[in-house]
Amino acid sequence: MTGVLADLARTFATLSLVSIGGINVVLPEIRHQVVDVHGWMSDAVFAHTFAIASAAPGPNVIVVSLIGWQVAGWAGLLVATLAIMLPSCALAFVAGRVLARWSGTTAVAVLKDALVPLGLGLMLASGVSLMRAVDRDVVTIAISLATAAFVVLSRRNPLWALAAGTIANIITLHLF
Amino acid sequence: MKFGLFFKAGSSRPADARAMKEIGPVKEISKGELFLGFLKIGLLGFGGVGPWSRHVIVEERRWLSDREFAEVLGVGQMLPGPNTMNAAVLVGDRFQGPAGVAASLLGMMTMPLVIVTALAMVYDRFAAVPEVNAGLTGAAAAAAGLVLGTALKMIRNVGLASVAWLILALAFVAMAVFGWPLVPVVLVLAPVSILVTVLGRKLGWRT
Chain A
0 MTGVLADLAR
10 TFATLSLVSI
20 GGINVVLPEI
30 RHQVVDVHGW
40 MSDAVFAHTF
50 AIASAAPGPN
60 VIVVSLIGWQ
70 VAGWAGLLVA
80 TLAIMLPSCA
90 LAFVAGRVLA
100 RWSGTTAVAV
110 LKDALVPLGL
120 GLMLASGVSL
130 MRAVDRDVVT
140 IAISLATAAF
150 VVLSRRNPLW
160 ALAAGTIANI
170 ITLHLF
Chain B
0 MKFGLFFKAG
10 SSRPADARAM
20 KEIGPVKEIS
30 KGELFLGFLK
40 IGLLGFGGVG
50 PWSRHVIVEE
60 RRWLSDREFA
70 EVLGVGQMLP
80 GPNTMNAAVL
90 VGDRFQGPAG
100 VAASLLGMMT
110 MPLVIVTALA
120 MVYDRFAAVP
130 EVNAGLTGAA
140 AAAAGLVLGT
150 ALKMIRNVGL
160 ASVAWLILAL
170 AFVAMAVFGW
180 PLVPVVLVLA
190 PVSILVTVLG
200 RKLGWRT
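Those sequence lines, one after another, are chains A and B. Position one of the first sequence corresponds to residue 0 (numbering that gives the first Met the number 0), numbered consecutively onward. Position one of the second sequence corresponds to residue 0 (numbering that gives the first Met the number 0), numbered consecutively onward.
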């Protein structure tokens with residue numbers, strides 16, 4: 000048990016520090032660690048955990064909390080949540096104070112110009128990798144692409160697309 | 000603590016003097032107010048906390064001006080971690096120091112954690128129902144599309160310089176095409192993009 004908690008802590012604390020662009024960016028790596036490396040859950044359970052976390056409100060780090068809960072109960076939830084939050088939050092705290100002093104300097108502008116597109120490229124790649132991991136057939140691929148189009152083209156709450164995808168796949172179950 | 004000015008991504012040009020005036024004295028916001036404000040943001044944040052953060056912090060409670068909020072989010076975005084969570088750290092620190100950070104983060108995480116574990120328990124009970132599984136598979140497919148769509152939308156809205164497109168392409172190819180592991184990719188690409196950005200500025204590539 001303690002071994003699992005230590006593994007959860009180490010895995011998510013590392014990912015916390017490289018998640019430039021947010022948790023979406025590290026989701027494929029989280030899947031890799033949780034499913035392939037540690038064997039904590041199957042691909043299907045990971046996909047369902049990801050879906051449940053996406054349907055709940057709040058910052059999407061809660062997917063990590065839920066993985067912790069699935070793997071090691073309430074202790075797992077606590078450890079995974081703290082591990083994914085503390086390193087990046089501590090860095091934000093320090094960086095916020097340092098940057099406030101240096102703001103307006105070229106160095107800060109360069110840092111921002113360099114890291115923002117890096118985060119965006121990683122997030123784009125993450126979307127593609129997640130589709131590869133989660134989509135099983137033509138219908139699910141269509142649901143993914145339709146949702147992406149909805150998000151780009153509409154300002155409505157993306158929860159509508161999530162609900163539509165859920166219903167579409169249930170209907171398909173009964174059609175075939 | 001005095002809070003500085005940050006530029007929106009890609010714009011190191013004018014508007015600074017004007018923006019300076021918009022930044023008034025730091026208001027008095029208590030830890031309780033921070034907690035409750037972020038509790039509301041977390042609770043309402045279906046499909047992402049970003050839009051609700053702005054709504055509550057800027058429009059409803061008037062803790063920050065629009066410009067100040069954009070700067071806070073911008074800093075949050077270039078650091079690792081979710082940018083809204085980093086923004087909560089910066090906002091909490093600005094008004095109440097470390098205790099404010101704790102109040103903001105606790106507020107933002109409490110309700111989502113309660114709701115997500117409740118959902119998971121409900122799911123565990125009904126996992127054997129085929130409709131429930133089909134529904135969740137559909138939701139997972141949509142959630143993957145949500146990540147892709149959000150990335151595309153942000154790329155469209157940020158307005159990237161030519162050098163930035165190069166960095167974006169490098170990151171995308173390394174991850175999506177070659178499938179290299181994330182940690183080394185970030186550790187290599189972060190310094191590389193800083194180097195490329197500095198070179199680009201020296202040579203006047205920016206457009």
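Ideal placement from N, C-alpha and C gives every residue a C-beta, glycine not left out. Nothing here was measured: the structure is a model prediction, and the numbers come from that model.
1) If you measure from the beta carbon of residue 71 of chain A to each beta carbon in chain B, is any gap under 9 Å?
2) Residues in its own chain within less than 6 Å of residue 20 of chain A by CB, not counting five upstream and five downstream?
3) Within the present structure, is the beta-carbon of residue 193 of chain B separated from the nearest heavy atom of the ligand GTP by less than 8 Å?
4) Considering only their Cβ atoms, is the gap separating residue 69 of chain A from residue 119 of chain B smaller than 9 Å?
5) Might you give, ordered along the chain, the residues of its own chain that have their beta carbon closer than 6 Å to the beta carbon of residue 71 of chain B, omitting 5 neighbours on each side?
6) Please report the straight-line C-alpha distance between residue 139 of chain A and residue 130 of chain A, rounded to a whole angstrom.
7) Please check if any C-beta of chain A sits within less than 9 Å of the C-beta of residue 22 of chain B.
8) Is residue 18 of chain A close to chain B, meaning its C-beta is less than 9 Å from at least one C-beta of that chain?
9) In chain order, what residues of the same chain have a beta carbon less than 6 Å from the beta carbon of residue 75 of chain B, not counting five sequence neighbours either side?
10) Less than 9 Å separating the beta-carbons of residue 133 of chain A and residue 189 of chain B?
11) With 16 as the cutoff for other CB atoms within 10 Å, does residue 36 of chain B come out buried or exposed?
12) Give the DSSP bridge partners of residue 19 of chain A, in chain order.
13) Answer yes or no: do residue 31 of chain B and residue 98 of chain B have a C-beta to C-beta separation smaller than 9 Å?
14) Return the chain-ordered list of same chain residues with a C-beta closer than 7 Å to the C-beta of residue 161 of chain A, the five sequence neighbours on each side being excluded.
15) Is residue 53 of chain B near residue 28 of chain B, with beta carbons less than 9 Å apart?
16) Apart from the five residues on each side of it in sequence, which residues of its chain come closer than 8 Å, Cβ to Cβ, to residue 165 of chain B?
17) If distances are taken between C-alpha atoms only, which option among A:33, A:29 and A:111 comes closest to residue 73 of chain B?
18) Are residue 144 of chain A and residue 144 of chain B touching if we call contact CB-CB under 9 Å?
With the given structure in hand:
1) False, the Cβ-Cβ gap to chain B never drops below 9 Å.
2) Within the same chain, residue 20 of chain A has close Cβ partners 118, 121 and 122.
3) Although the ligand GTP was asked about, the structure shown includes no ligands whatsoever.
4) Yes, these two residues count as a Cβ contact at 9 Å.
5) The residues 86 and 89, in chain order, have a CB closer than 6 Å to that of residue 71 of chain B in the same chain once the five nearest residues on each side in sequence are set aside.
6) Between residue 139 of chain A and residue 130 of chain A, the C-alpha separation is close to 9 Å.
7) Note on residue 22 of chain B: pLDDT 49, under 50, position unreliable in the model; the coordinate value appears next. Not closer than 9 Å to any Cβ of chain A, the Cβ of residue 22 of chain B fails to qualify, so no.
8) Yes, contact with chain B.
9) Counting only residues of its own chain and dropping the five nearest sequence neighbours on each side, residue 75 of chain B has a CB closer than 6 Å to the CB of 82, 85 and 86.
10) No. Outside cutoff.
11) Taking all protein chains shown into account, residue 36 of chain B has 16 or more neighbouring C-beta atoms within 10 Å of its C-beta and is therefore buried.
12) For residue 19 of chain A, DSSP records a beta bridge to B:79.
13) In this structure, residue 98 of chain B does not lie closer than 9 Å to residue 31 of chain B by Cβ.
14) Here the set comprises 53 and 54.
15) At least 9 Å separates the beta-carbon of residue 53 of chain B from that of residue 28 of chain B.
16) Once the five neighbours on either side are set aside, the close Cβ partners of residue 165 of chain B are 195.
17) Of A:33, A:29 and A:111, the residue nearest in Cα terms is A:111.
18) Inclusion of residue 144 of chain A and residue 144 of chain B in the CB contact set at 9 Å is warranted, their separation being smaller than that value.
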